[in-house]
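Following numbering that gives the first Met the number 0, the numbering of the sequence shown begins with 0 at its first residue and continues without gaps.
This report concerns only the one structure given below.
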Amino acid sequence: MRIAVPLPGTMWAFDVISIIQIFDDDSVMYGSSDRPVIDFIANASSKALDHGMSIATTALRDYHEKPDLIIIPGFANPHEIATDRRTGDAKARLFTADPADALAIRDWLVASHREGVEIAAMCTGVFALAWTGLLDGVECTTHLPFLDDLAAQFPKALVQKDRLLTHNAKQRIWTSAGGSICLDLCIALLAEHAGQSLATAEANMLMMHYPRSVATRRSDGAPSVLPRPSRQSDEIIALTRRVREHLSYDWTLTTLAQTSHSSTRSFQRRFSEVMGVPPSTWLLTERLNAAKELLELTDLPMQQIALRTGLRNADSLRKHFSAAFGVSPSRYRQDFLRTELRPTENV
Numbered sequence: 000m001r002i003a004v005p006l007p008g009t010m011w012a013f014d015v016i017s018i019i020q021i022f023d024d025d026s027v028m029y030g031s032s033d034r035p036v037i038d039f040i041a042n043a044s045s046k047a048l049d050h051g052m053s054i055a056t057t058a059l060r061d062y063h064e065k066p067d068l069i070i071i072p073g074f075a076n077p078h079e080i081a082t083d084r085r086t087g088d089a090k091a092r093l094f095t096a097d098p099a100d101a102l103a104i105r106d107w108l109v110a111s112h113r114e115g116v117e118i119a120a121m122c123t124g125v126f127a128l129a130w131t132g133l134l135d136g137v138e139c140t141t142h143l144p145f146l147d148d149l150a151a152q153f154p155k156a157l158v159q160k161d162r163l164l165t166h167n168a169k170q171r172i173w174t175s176a177g178g179s180i181c182l183d184l185c186i187a188l189l190a191e192h193a194g195q196s197l198a199t200a201e202a203n204m205l206m207m208h209y210p211r212s213v214a215t216r217r218s219d220g221a222p223s224v225l226p227r228p229s230r231q232s233d234e235i236i237a238l239t240r241r242v243r244e245h246l247s248y249d250w251t252l253t254t255l256a257q258t259s260h261s262s263t264r265s266f267q268r269r270f271s272e273v274m275g276v277p278p279s280t281w282l283l284t285e286r287l288n289a290a291k292e293l294l295e296l297t298d299l300p301m302q303q304i305a306l307r308t309g310l311r312n313a314d315s316l317r318k319h320f321s322a323a324f325g326v327s328p329s330r331y332r333q334d335f336l337r338t339e340l341r342p343t344e345n346v
């Protein structure tokens, strides 16, 4: 897997380091040929980040690889750029002060996408992606303070103000909000390209026990869905741990509410406030992610995987899995079976 990371302006170090942490972590057990290669692309041999940091880069004119994935980190302040009264294309300065460099990077992004490369943009990097036109008619989001700016500057982009992550599988485009959501985006991309078991291992290594997904919504417009500590939030978190440990049980909204000693309406409201998604959405996501790991790490037949994850039967597994991931469970197993981690005996 090859990842290209364009660094046209003064990039935010947190976003760049998030990419390195998730995709180049020595603690993650990649196969010998699976370890991602990260190429940092700029208009010089090194690029400045904020906080006085810098990173070695390859000049775009010398870059001839075809990556599997391009990730655009966040940078600058889009509002300041949009209101800059200097002559020249203000949107071009989203990339760099040099218009020629800006156009070269824009053309490279468009050409790469046309050739089938997947593109993800995090935080204010979404503005750069929008400038290419690739977000016209595509759902997207960005860092909370800049949502209105994004919608105003790029009216053809379908800005989703309640979303933390977006993924358009048909257009091969991801976007995310800022801050720690950049890590959630990288975890989702790792699961998409390297498998759920590796993504789960990396999330656990970083103590990200509840990575946010494309289903997660902003809570009442708040910048984060993380709840204030309370007895009720502690109870919900404890319940999710119990459910994860017993996914084969026939959990329903009713049984979840009963376990929580509350009415279904009250439970659904409290769960959504704490977890950022309705309980039914969360439960199906957990079951499908567990199914992905079993497909990657075991020889279990589909019926057994369905029973272990609470999806009842092989037909239900295939239906929900295909709807969620656009691929059948059997094809997913072919693509992501990790033979070096699989038990030697037949399960």
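Just so it is clear, CB atoms sit at the ideal spot from N, CA and C, and this is done for glycine as well.
Subject >> DSSP beta-bridge partners of F39 >> reply: Counted from its first residue, the sequence shown places residue 39 at position 40. Within the DSSP secondary-structure output, F39 pairs in a beta bridge with V4.
Original post:
Looking only at DSSP bridge pairs, what is N165 linked to?
Top reply: One-based indexing of the sequence shown puts residue 165 at position 166. Sequence check: residue 165 is Thr here, not Asn. Looking at the DSSP output, T165 shares a beta bridge with T174.
Original post:
Shortest alpha-carbon distance to G136 belongs to which of I70, P154, H142?
Top reply: Working through the sequence shown from its first residue, we reach residue 136 at position 137. Here the closest residue by C-alpha is P154.
Original post:
In angstroms, rounded to a whole number, what distance separates the CA positions of T308 and A150?
Top reply: Within the sequence shown, residue 308 is the residue found at index 309, counting from 1. Within the sequence shown, residue 150 is the residue found at index 151, counting from 1. It is roughly 40 Å from the alpha-carbon of T308 to the alpha-carbon of A150.
Original post:
Residues bridged to T57 by DSSP?
Top reply: Reading the sequence shown from its first residue, position 58 is the one you call residue 57. As DSSP reads the structure, T57 sits in a beta bridge with I40.
Original post:
Hey, quick one: how far does the beta strand (DSSP E) through A119 stretch, first residue to last?
Top reply: Along the sequence shown, read from residue 1 onward, the residue named residue 119 stands at position 120. Element bounds for A119: 117 to 121.
Subject >> Contact between the segment 55 to 64 and the segment 34 to 41 (3+ Cβ pairs under 8 Å) >> reply: Under the Cβ criterion (8 Å, minimum of three pairs), the segment 55 to 64 counts as touching the segment 34 to 41.
Subject >> Cut-off 8 Å between Cβ atoms - residues of its own chain near P66, not counting five sequence neighbours on either side >> reply: Taking the sequence shown and counting its residues from 1, one reaches residue 66 at position 67. The answer, listed in chain order, is R1, I2, A3, D38, S111, V116.
Original post:
So which of R211, F22, A290, T140 has the shortest CA-CA distance to G73?
Top reply: Here the question's residue 73 lines up with position 74 in the sequence shown. For G73, the nearest C-alpha among the options comes from T140.
Subject >> Chain-order list of residues whose beta-carbon lies under 6 Å from that of R105 (same chain, five-residue window excluded) >> reply: Indexing the sequence shown from 1 puts residue 105 at position 106. T131.
**OP:** Could you give the DSSP three-state label for V109: helix, strand or coil?
**Re:** For the purposes of this step, residue 109 is taken as residue 110 along the sequence shown, with counting starting at 1. DSSP places V109 within a helical segment (H, G or I) once states are collapsed to three.
Original post:
Between which two residues does the alpha helix (DSSP H) carrying A47 extend?
Top reply: In the sequence shown, residue 47 corresponds to position 48, counting from 1. From DSSP, A47 is part of no alpha helix (DSSP H) but of the beta strand (DSSP E) over 45 to 47.
Subject >> Cβ separation of Q195 and E285, assumed to be a contact under 8 Å, to the nearest whole Å >> reply: Here residue 195 corresponds to residue number 196 of the sequence shown, with the count starting at 1. Here residue 285 corresponds to residue number 286 of the sequence shown, with the count starting at 1. Actually they do not touch by this definition, with Cβ atoms about 11 Å apart.
Original post:
How big is the Cα-Cα spacing for R241 and I186?
Top reply: Position 242 of the sequence shown, counting from 1, holds the residue named residue 241. Position 187 of the sequence shown, counting from 1, holds the residue named residue 186. Between R241 and I186, the C-alpha separation is close to 23 Å.
Subject >> 8 Å Cβ cutoff met for I18 and I70 >> reply: Counted from its first residue, the sequence shown places residue 18 at position 19. Counted from its first residue, the sequence shown places residue 70 at position 71. With contacts defined as CB atoms closer than 8 Å, I18 and I70 qualify as a contacting pair.
**OP:** Specify, as a first and last residue, the run of the alpha helix (DSSP H) that L299 falls within.
**Re:** Start at 1 with the first residue of the sequence shown, and residue 299 comes out as number 300. Counting along the chain, L299 falls outside any alpha helix (DSSP H), and DSSP gives it neither H nor E.
Original post:
Going by other Cβ atoms of all chains shown within 10 Å of its Cβ, with 16 needed for buried, is N312 buried or exposed?
Top reply: Here residue 312 is taken as the residue at index 313 of the sequence shown, counted from 1. The residue in question, N312, is exposed, as its Cβ has fewer than 16 Cβ neighbours within 10 Å.
**OP:** Taking only the alpha-carbon atoms, compute the straight-line gap between T215 and D25 and give it to the nearest angstrom.
**Re:** Here the question's residue 215 lines up with position 216 in the sequence shown. Here the question's residue 25 lines up with position 26 in the sequence shown. When rounded, the distance between both Cα atoms is 29 Å.
Original post:
CA-CA distance, L238 and G177?
Top reply: Position 239 of the sequence shown holds residue 238. Position 178 of the sequence shown holds residue 177. When rounded, the distance between both Cα atoms is 29 Å.
Original post:
Exposed or buried, which one is Y248 when buried takes at least 16 other CB atoms within 10 Å?
Top reply: In the sequence shown, the residue the question calls residue 248 occupies position 249. Label assigned to Y248: exposed.
Original post:
Just curious, the alpha helix (DSSP H) that L316 is in, first and last residue?
Top reply: Taking the sequence shown and counting its residues from 1, one reaches residue 316 at position 317. Unbroken alpha helix (DSSP H) run through L316: 313 to 324.
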